[in-house]
Amino acid sequence: MAERSFKAEVEHLRQGAGSSFTGEGILAITKALLENGVGYVGGYQGAPISHLMDVLADAEDLLGELGVRYEANASEAAAAAMLAASVHYPIRGAVTFKGSVGVNVASDALANLASSGVTGGAIIIVGEDYGEGSSIMQERSYAFAMKSQFWLLDPRPNLPSIVKSVGDSFALSEASNTPVMLMVRIRSCHVTGTFECRENQRPPLTVREALSNPQRDFKRVVLPPMSYQHEHDKIENRWPAAEKFILEHGLNERFGPQDGKVGLICLGGMYNSVIRALQRLGLADVSGNTDVPLYVMNVAYPLVQSDLLDFCAGKDAVLMVEEGQPEFIEQQLGNMLFKAGSQTKLEGKGIFPKAGEYTGQVMMDGLDDFFRKYAAHLLPGQVRAPNTPQPEIPDLSQTVPIRPPGFCTGCPERPIFASMKLVEQELGKHQISADIGCHLFAALPPFEIGGQTMGYGLGPASNAAFDGGGEKRAISIIGDGGFWHNGLSTSIGNMVFNKSDSVAIIVDNYYSAATGGQDIPSSRATNASKSTNNPITKALEGAGVKWIRQIDRTYDVTRMRETIREALTTDYDGPKVIVASSECMLNRQRREKPQRNKAVKDGARVEIPRFGVDEDICTGDHACIRLSGCPSLSLKTLDDPLRDDPVAHIDQSCVGCGNCGEVADAAILCPSFYEARVVHNPSGFERWAAGLRSRVISWLQTRRAARRLTFNGTASGRIAP
Amino acid sequence: MTIEMPLAARPDGPGGQGVIKLAVLAVGGQGGGVLTNWIESLARSQDYSAQATSVAGVAQRTGATIYYIEMAPGSVPHPVFSLAPAPGDVDVMIAAEMMEAGRAIMRGFVTPDRTTLIASTHRALAVSEKMVPGDGIASAEEVRAAAGIAARKLVMADMDSAAVRAGSVISASLFGALAGSGALPFPKAAFEDAIRASGKGVEASLRAFAAGFDLAEQGERPEPAPAAETPAEAAGPGKALTAWNGLMARVAQFPAGVQEMAVPGLRKVVDFQDTAYGTEYLDRLQRVLDRDSADQGYELGREAAKHIANAMAYDDVIRVADLKTRSTRFGRIESEMGSQGKLMTLTDYLHPRAEEIAGLLPARLGARVETSPKWMARLDTLFSKGRRIRTDSLRGFAVLYLLGGLRGWRRRSLRHAQEQAHLDQWLAAALGYLPQSYGMAVEVIRCRRLIKGYSDTHARGHSKFDIVMQGATLVAGREDGPQWVARLREAALQDEKGEALDGALRTIRSFAA
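Quick look at the structure:
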């Protein structure tokens, strides 16, 4: 069950010709796939295209009706490999994953696919995770298109353009027998807008039908001598066919006047930012009508040389707007202009910064510089010499704290890392390698656990150099998502085969949680179309791990700590694997809350737990927070002149997971924590017994209070006059 | 220092007209996505074209997230909207938390020429603010001051409380504040219709919307003036009451500034033990006051009144058990959990160690036990265990009640002897700086703040206290000695391990050696 449900939105995917669709980019892409007769879809979740996988999963019924096969692939490599169906069969296929990391994982299959070439249109929808909000390293998927020679589309970020590009991609792929990568940027995936629908199309040949009539063309097998021919085929046939198609179908666009002394060349994905900068410089209107010639590359690769040289002809200078580095396009363009003996000056990096996202400010500053240098006459006077006084705003950079994402309230991973911190207090610091997933947040305060991340499912593998052991054992973390993605073979298999004397902790939260709670093989939920409930421990046993500890409640900090300590100190010198299992709290709450509310309403007995801190017992040392970081465990400044420091306080968002109480106990922090359980709909006997208890307790309390001084009024009181 | 302002835009240029740019800066889980959907559907319902974007994923997981919406009248053909806000180019900035407002200003999204800033003044503390052993909470006042300068129009109020009071979440009250700010050219009813159209939790959302609307139109009503401070009234057995009144009469002779601390201080120690203990408190305070000076505004006496009380009311097992069994505590928990009239169970998480048990023993015996590893190990196996005590059950309550009743025994206990010795040593050390350096005495008194927490944390506090006290002797003769002690103390409160303190101490050694 994914975090976000698209069940309602998916119904709009049935809309036919004549109606218009309003919604998010990812839904538009799905609709476009259906309108273009796609035969099979798949992929692997990851921001920013996680929701595209969720939409496809929620649309499974509709896909089935149309004869479209949907596969939730085990990894990006599996997804890319699935496109093999389009090599020999004239079936359109589409897979999706994130760039650039997903493309890295998929690159083996992509390279082979690109060598074979395709018969049916094959597209890879890549959510390019770059710039502000990105969660990965700074690379470009562009390099993969260049090295494997498949085509890369980067459409303008509005729904009609994105929808059109899906159809263009299929057609281009078929016209040039080459897979096409369709890139959507981080914000384009969730951009909203409206487009005109067409009818959904059944694939002319479904995958089921294809099985009845198997086909094979030896020319497409990646083996010598065919693989040598593929290289020639790419250059002599596929590439020219692609350029021809791009030109004939006008995939790249031009805006603004035909002639001008200067021109701008930008990728489709950058178009809106360029227009906004032009608007602010007074060189474009709200609808994007501009005074500057603008060449928009909706096809980022290959570049159509004749078209580009034509655009540059007669211009003093052109500015290439290309985000990220290396500046592949600028280099190609410079090569073209130089070899053509062009006099046109090419600007790009230099005017723009080499590194970093082209935010609104960077874009405007870059265009402003370019125009000042080559066409100052274009700029309105007010822009050339602004005379508005600049107000001085106080600098808040020392005041405002950073707020990186972290573990959610009640997250079951928090006690695992609290336990590790406690073990480290006893046994000293250890070499710890991390992996990809929510558990990577442990690298941030307050835990600061885990040094390197080499990739998804590679946590234990990245400790391989330390497999031989030493005075202290190396520890690695891996999530259940990473385990099934790649970890079972690459990390665990590697540990077993090399007799690794180290410790791996598998964080099993029942989902691929970081990407939005998609099901994986070890998920506990039942899923009609997927096989779940395959225990991780069984897979470990099968792979040859002998020392396995399964913990079914991560919140048991004392046990968690003991198990980690045991793994680090046992005499056993083979691989030691701890599986720490508790359900992702975000998903659990989403699942249980409605059920619980209904039960309360229906009169069933329900206990709802929440934790609290006794404010007069808490001394305000915040040791608990340094072992938690839970959003619901915060601070409160008391109205007591004797107290300097704020005390711990648990707010209403507490879900009663128990971590703070367990940690206070295991770490022997303080006696301030308590758990209160409100009992809804108690039985008559329970109510009677509780009443009796409370009468005795309150008699004792009154008795003691009567024998001592008790105080009213404010603590900060003055002496009564 | 100032941030560099972006290049001035052309508000009257061909590109400056028509598009309204609105950004929402929220913390994950605040419903920024819901607010964005409302604004977007509101715009569309008023025949505007609109576009919204966000970076999903991070929003769910407690990080700072930005949502961005642009809209233009339907009469504009095919407007081209940007997918991200640019500094100096935002018309309406909605910040769902005080520091997020600060972040918006810092990033240049709030500018005096155009931006209406709608900000909730409540705080959701960042981990970096919470984990500091001292007080690491960021200054909301600085953000408020900057907002006053940066925004063209400012709507600032606690939108979170307003929403919670209405039984809803902050997205609804912020939507109301947006309507009330008049920043969008749409009627109030259209906003309400957008909420109704979304169809989820409509009634509660509308109530919060109305609250937000009022806050934007009328501003935050000033808090009702705090009721004239009620004097610390005491009730209890006649003899104790007479003694109390006698103590209060003594306090009445103190300078006014000292009284402000001495009254709550007295109350704290009497509540901790009894009126005889109160007498000891005032005696100690008197000894300080005898050496205090009116020229210095009795700063020393005031600080001593505060910290002696804290030192005397130390956190032992008896105090914890006493506090845990009071009826006022039960009442406070019930109101916090909203469980009045409902059945509630109460589990306390306790983990006594051998040290706490030894501390309860008679001073001499306890001291012998504490120095005997064998006995301590024995106590450890007997008592040191995490205990979950059901304080709402008769058994659990009885255990704590009996422990809390050991107040009469307390003065004979090892822990008491230790605390008294430490207190006297500290006080003597502070007063030792008189009369040469009044400032040193004040600062050393204030160092008592370092001793807090239980078990290991308490031990760490003690060692930090000792380090600062030693550091104080190094700078005692210097004119800026007091500032250095204050600096050491602040450094000790900055991190758990005392790295900042070590650094500060190294600096001192470098010039004091």
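Quick note, the sequences are listed as chains A and B, same order.
Under the UniProt record's numbering, think of the first position of the first sequence as 1, with each following residue one higher.
Under the UniProt record's numbering, think of the first position of the second sequence as 1, with each following residue one higher.
Glycine included, every Cβ here is placed at the ideal spot set by N, Cα and C.
Residue i in three-state terms, based on DSSP
{"i": "B/A228", "result": "Residue placement at B/A228 is flagged as unreliable, the pLDDT there being 49, under the threshold of 50; the coordinate-derived value follows with that caveat. Coil, per DSSP."}
{"i": "A/Q550", "result": "strand"}
{"i": "B/T242", "result": "helix"}
{"i": "A/H51", "result": "helix"}
{"i": "A/L633", "result": "strand"}
{"i": "B/Y401", "result": "helix"}
{"i": "A/N587", "result": "helix"}
{"i": "A/F447", "result": "coil"}
{"i": "B/F81", "result": "coil"}
{"i": "A/Y295", "result": "strand"}
{"i": "A/E592", "result": "helix"}
Per-residue contacts from residue i into chain A (C-beta, under 7 Å)
{"i": "B/T62", "result": "P405, G406, C408, P631"}
{"i": "B/N245", "result": "Correct list: empty, because the minimum Cβ distance to chain A is about 10 Å."}
{"i": "B/K452", "result": "T619, G620, D621"}
{"i": "B/T53", "result": "R187, H190, V191"}
{"i": "B/M99", "result": "V400, P401"}
Cross-chain neighbours of residue i in chain A, by beta carbon under 8 Å
{"i": "B/E142", "result": "P394, L396, T399"}
{"i": "B/M131", "result": "P445, P446, H622, I625, R626, G629"}
{"i": "B/H78", "result": "S287, G288"}
{"i": "B/D160", "result": "Near B/D160 there are no residues of chain A at all, since even the closest Cβ is about 11 Å away, more than 8 Å."}
{"i": "B/Q401", "result": "The residue you asked about is not Gln; residue 401 of chain B is Tyr in the sequence shown. Correct list: L700, R704."}
{"i": "B/E496", "result": "A623, R626"}
Exposed unless 16 or more other CB atoms sit within 10 angstroms - verdict on residue i
{"i": "B/V19", "result": "buried"}
{"i": "A/I26", "result": "buried"}
{"i": "A/Y228", "result": "exposed"}
{"i": "A/E199", "result": "exposed"}
{"i": "B/D89", "result": "buried"}
{"i": "B/D283", "result": "exposed"}
{"i": "A/V101", "result": "buried"}
{"i": "B/T328", "result": "exposed"}
{"i": "A/I235", "result": "exposed"}
Spatial distance of residue i from residue j (CA atoms)
{"i": "B/A59", "j": "B/A72", "result": "Here B/A59 scores only 45 on pLDDT, less than 50, and its place in the model is too uncertain to base an answer on."}
{"i": "A/F218", "j": "A/N494", "result": "36 Å"}
{"i": "A/L56", "j": "A/Q45", "result": "11 Å"}
{"i": "B/A459", "j": "B/K200", "result": "52 Å"}
{"i": "A/V362", "j": "A/M320", "result": "14 Å"}
{"i": "A/D369", "j": "A/I351", "result": "7 Å"}
{"i": "B/G359", "j": "A/G612", "result": "27 Å"}
{"i": "A/A94", "j": "A/V41", "result": "5 Å"}
{"i": "B/G278", "j": "B/A430", "result": "21 Å"}
{"i": "A/P594", "j": "A/V679", "result": "17 Å"}
{"i": "A/A667", "j": "A/L422", "result": "7 Å"}
{"i": "A/H88", "j": "A/K373", "result": "53 Å"}
{"i": "A/M560", "j": "A/Y510", "result": "18 Å"}
{"i": "B/A228", "j": "B/E260", "result": "Because B/A228 carries a pLDDT of 49, less than 50, the predicted location of this residue cannot be relied on, and no value is offered for it."}
{"i": "A/K546", "j": "A/S188", "result": "47 Å"}
Listed by chain order, chain B residues near residue i by CB distance under 8 Å
{"i": "A/E686", "result": "L343"}
{"i": "A/L642", "result": "M261, P264, G265, K268, K306, A309, N310"}
{"i": "A/F673", "result": "D348, Y349"}
9 Å Cβ cut-off: residues of chain A touching residue i
{"i": "B/L323", "result": "D614, D616, I617"}
{"i": "B/D271", "result": "R708, L709, T710, F711"}
Contacts of residue i in chain B (Cβ-Cβ under 7 Å)
{"i": "A/I275", "result": "V80"}
Count Cβ pairs between the segment 628-638 of chain A and the segment 655-666 of chain A that sit closer than 8 Å; are there 3 or more? yes
Could you tell me whether the segment 519-539 of chain A touches the segment 444-457 of chain A, where touching means 3 or more Cβ pairs closer than 8 Å? no
For the 8 Å Cβ check, are there 3 or more pairs between the segment 360-372 of chain B and the segment 321-336 of chain B? With a cut-off of 8 Å, the segment 321-336 of chain B and the segment 360-372 of chain B do not count as touching, because too few Cβ pairs lie within range.
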